[in-house]
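Sequential numbering from 1 applies to the sequence shown in the working numbering. Every residue, glycine too, gets a C-beta built ideally from N, C-alpha and C. Accompanying notes for the structure given below.
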Amino acid sequence: MGKSNKCKAKKQSYISVPSQIITSLSSSSLQSLLLSPKKAHLNSSFFVGHNYSCRRPRVCLSALFLFVLVGLLRLGWNVNTLVLCSQSFGSNTGKVGERDHQVLVTSQLQSPGPLHLESEFWKQPDGMGYMPCLEFSAKYRKASEAILNGRRKYLLVVVSGGMNQQRNQIVDAVVIARILGAALVVPVLQVNIIWGDESEFSDIFDLGHFKRVLADDVRILSSLPSTHVMTRPVEEKRTPLHVSPQWIRSRYLKRMHIDMILFVQKINKEGVLLLRGLDSRLSKDLPPDLQKLRCKVAFQALRFAPPILELGNKLARRMQSKGPYLALHLRIEKDVWVRTGCLPGLSKEYDEIVHNERRRHPEFLTAKSNLSYHERKLAGLCPLNAFEVTRLLKALGAPRSARIYWAGGQPLGGKEALSPLTREFPHFYNKEGLALPGELEPFANKASFMAAIDYIVSEKSDVFMASHGGNMGHAIQGQRAYAGHKKYITPNKRHMLPYFVNPSLPEAEFNRIIKELHQESLGQPELRSSKAGRDVTKYPVPECMCKRNKTT
């Protein structure tokens, strides 16, 4: 819509005209059209041709109105193209200004412009009134007294994997300690053989905070008491997947089988149990109080250590300094392509690198080995590469000006692998690009520290999306839901990828289809109970979030 800069000069009278007429007028004609001079002399060629001198302003104004009306009719008037000189004059002109404002809003709704589309992308989902609610039952609270005063049973836990995988195991360790009525010794973080990170619990997490938050649920000890230091713990290495609380009690505390009598007697005598490899060992379907405890550990107790939290918040503020931002967790490292049985889609050279690594280490392949790469791809089992992420974001309305924080390790292919994203979205950052010289030095060669910083900046983003599943994506999904259902895009890979490989599909139609496929995948509340086996730390509704009645 056309808009004259002369509108700010004088505030005597204004005329709303179509943009077609404005573009056909010179700057001097536009000035004479929009601003009424003190003396009513109209120098329009229409009047000059008739040697007409305007001494009666009302007649002149009527003639001008007829001239404008004829022009409108000749051009084909569309009321949605009315021009408003400024927002302020609407309040000075009463009903006329209000009517023009309504026309402007109608125009925007009928034909959304770039600004409208940008605002839609940053729009948050409807949280439907769900809020955190971790109110434990009277039975749970009554049992807490005996558990917290107990001095007979102690649980040692060794957690493995990357930082987010360790995080999940710590959550389960607390719940298992509660089930057993045992005191939990601060979990030991196993040295990661891939990254060589030797960090301890207190290096990554705020230990004092962890103990305080769980003080009413489980007794947390920094180490075994002196009376048990020399005790050789009973070690359990073969815990099955998804075991129930009943299984845990019967296995560790009761004499269920004759061949376990000696084992159980030793536990009761020594009182120390060592568990390793807790990943996915505890069932996801637990009684309500234990589900709430899971949420309490994940969303409240596991806070990062102050140095990590300080730097992570600092980088997040730098991203927020120029408006909303999107965080992407890109799973395009070499080990991800090897483990998933997928290919990066860059070139034959990089495909061969992945194939060779997989042949040397067939044990790395965690995806279904009976499927070909193309079958995995169409089944939605492969990470999205940078080209696919770019197309998806553009289809969902991400503006070119969007500021993007990229979380993840070094991609296979380096800058070449990221080039589709950086071409379309030039404001592309990671922690190395945001940090000032020296800020990351204390965390050098510590993968868990770097993963924690990525977690903080990603969690604080306005929009988050992961190119593939994984522990970090799942943890952040739950954290953002618990924080009020902040926008979280879950790529509908299985349904959308066939449209990616259809070259005959027009771009506008492609965008429409992709938006439609993701209408319910933007972080809206989703009931965990709607599907068995869902983790409450990923889907906290309804066990950990509820709709509270409004009080007056």
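Burial state of residue i (16 or more Cβ within 10 Å)
i: threonine 227; result: exposed
i: histidine 361; result: exposed
i: alanine 444; result: exposed
i: arginine 74; result: For arginine 74, the predicted model reports a pLDDT of 45, less than 50, meaning its position is unreliable; a value from the coordinates is still stated below. By the neighbour-count rule (16 or more Cβ atoms within 10 Å), arginine 74 is not buried but exposed.
i: isoleucine 528; result: In the sequence as presented, isoleucine is not what sits at residue 528; that position holds arginine. With 16 or more Cβ atoms within 10 Å of its Cβ, arginine 528 is classed as buried.
i: cysteine 544; result: buried
i: aspartate 126; result: exposed
i: serine 448; result: buried
i: proline 191; result: The amino acid occupying residue 191 in the given sequence is valine; proline does not appear at that position. Per the 10 Å Cβ criterion, exposed.
i: proline 553; result: This structure cannot settle anything about residue 553, because the visible part of the chain is limited to 1 through 552.
i: alanine 9; result: Any reading at alanine 9 is ruled out, since the residue's pLDDT is 39, under 50, leaving its predicted position unreliable.
i: methionine 319; result: buried
i: proline 437; result: exposed
i: valine 397; result: Contrary to the premise, residue 397 reads as glycine rather than valine in this sequence. Result: buried.
i: threonine 537; result: buried
i: proline 411; result: buried
i: glycine 208; result: exposed
i: proline 233; result: buried
i: histidine 485; result: buried
i: asparagine 610; result: Since the displayed the chain opens at 1 and closes at 552, residue 610 lies outside it and no answer follows.
i: glycine 76; result: Because the pLDDT of glycine 76 is 42, which lies under 50, any placement of that residue in the model is unreliable, and the question is left without a value.
i: arginine 494; result: exposed
i: proline 225; result: exposed
i: proline 383; result: buried
i: arginine 512; result: exposed
i: valine 501; result: exposed
i: serine 458; result: buried
Counterpart residues of residue i in DSSP-defined beta bridges
i: valine 234; result: Leu273
i: isoleucine 489; result: Met465
i: leucine 221; result: Val185
i: arginine 403; result: Tyr325
i: valine 243; result: Leu282
i: lysine 314; result: DSSP, once it has assigned bridges, lists no residue as partnering lysine 314.
i: methionine 545; result: Pro132
i: phenylalanine 205; result: Phe304
Closest by C-alpha distance to residue i, when choosing among the options
i: glycine 533; options: Cys342, Ser244, Thr422, Tyr482; result: Ser244
i: glutamate 526; options: Pro307, Gly129, Gly345; result: Gly129
i: glutamine 275; options: Pro240, Lys292, Cys295, Pro307; result: Looking at the sequence shown, residue 275 is not glutamine but leucine. For leucine 275, the nearest C-alpha among the options comes from Pro240.
i: alanine 138; options: Ile514, Leu155, Leu278, Pro288; result: Pro288
i: leucine 302; options: Ser461, Asn164, Asp197, Arg141; result: Asn164
i: alanine 298; options: Gly478, Arg317, Arg358, Met465; result: Gly478
i: histidine 355; options: Val158, Leu343, Gly469; result: Leu343
i: phenylalanine 364; options: Glu349, Arg167, Glu235, Val338; result: Val338
i: valine 229; options: Leu393, Gly271, Lys377; result: Gly271
i: lysine 460; options: Gly438, Met496, Asp126, Ala483; result: Ala483
i: proline 324; options: Met545, Arg548, Gln124; result: Gln124
i: arginine 281; options: Glu236, Gln300, Met319; result: Glu236
i: lysine 394; options: Ala379, Asn385, Gly413, Glu424; result: Glu424
i: lysine 531; options: Val541, Arg167, Leu522; result: Val541
i: leucine 522; options: Leu505, Phe464, Asp335; result: Phe464
i: alanine 466; options: Asn385, Asp203, Leu497, Ile204; result: Asn385
i: alanine 481; options: Cys295, Gln246, Lys334; result: Cys295
i: asparagine 492; options: Lys538, Leu371, Leu381; result: Leu381
i: tryptophan 122; options: Ile353, Tyr539, Lys487, Tyr455; result: Lys487
i: leucine 371; options: Gln166, Thr340, Gly161; result: Thr340
i: leucine 497; options: Gln519, Ile489, Phe510; result: Phe510
i: leucine 434; options: Thr366, Asn502, Ser321, Pro399; result: Ser321
i: glutamate 439; options: Ser347, Lys377, Ile308; result: Ile308
i: serine 144; options: Ala452, Arg238, Arg232, Ala182; result: Ala182
i: aspartate 454; options: Asp206, His329, Gln524, Leu221; result: His329
i: valine 157; options: Asp285, Asp279, Ile147, Asp197; result: Asp279
i: leucine 293; options: Arg376, Ala173, Trp247, Ser401; result: Ala173
i: glutamate 520; options: Leu221, Arg494, Ser401, Ile489; result: Ile489
i: aspartate 335; options: Ala327, Leu326, Thr366; result: Thr366
i: glycine 277; options: Leu326, Ala146, Ile170; result: Ile170
i: leucine 517; options: Leu505, Tyr499, Arg141, Pro506; result: Tyr499
i: glutamine 291; options: Cys546, Arg548, Asp535; result: Asp535
i: glutamate 333; options: Gly413, Arg376, Arg317, Lys515; result: Gly413
**Prompt:** Between the stretch 375–391 and the stretch 301–316, are three or more C-beta pairs nearer than 8 Å?
**Reply:** no
**Contact the stretch 435–452 vs the stretch 413–423: 3+ CB pairs below 8 Å** = no
**Asked** So, do the stretch 200–220 and the stretch 174–182 have three or more beta carbon pairs nearer to each other than 8 Å?
**Response** Cβ pair count under 8 Å is three or more, so yes.
**Request:** Say whether the stretch 182–192 touches the stretch 459–475, bearing in mind that this needs 3 or more beta-carbon pairs closer than 8 Å, one atom from each stretch.
**Result:** With the rule of 3 Cβ pairs closer than 8 Å, the stretch 182–192 does not count as touching the stretch 459–475.
**Cβ pair count under 8 Å reaching 3, the stretch 395–408 against the stretch 422–434** = Between the stretch 395–408 and the stretch 422–434 there are three or more inter-stretch CB-CB distances shorter than 8 Å, so the stretches are counted as touching.
**Prompt:** Which runs of the beta strand (DSSP E), 3 residues or longer, sit entirely within the stretch 121–161?
**Reply:** 130–132, 154–159
**Request:** Note down, one range per segment and in chain order, each beta strand (DSSP E) of at least 3 residues found wholly within the stretch 417–481.
**Result:** 463–466
**Request:** Write down every uninterrupted run of the alpha helix (DSSP H) in the stretch 324–396 whose length is 4 residues or greater and which is fully enclosed by it, in chain order.
**Result:** Fully enclosed alpha helix (DSSP H) runs of 4 or longer: 334–340, 348–360, 373–378, 386–395.
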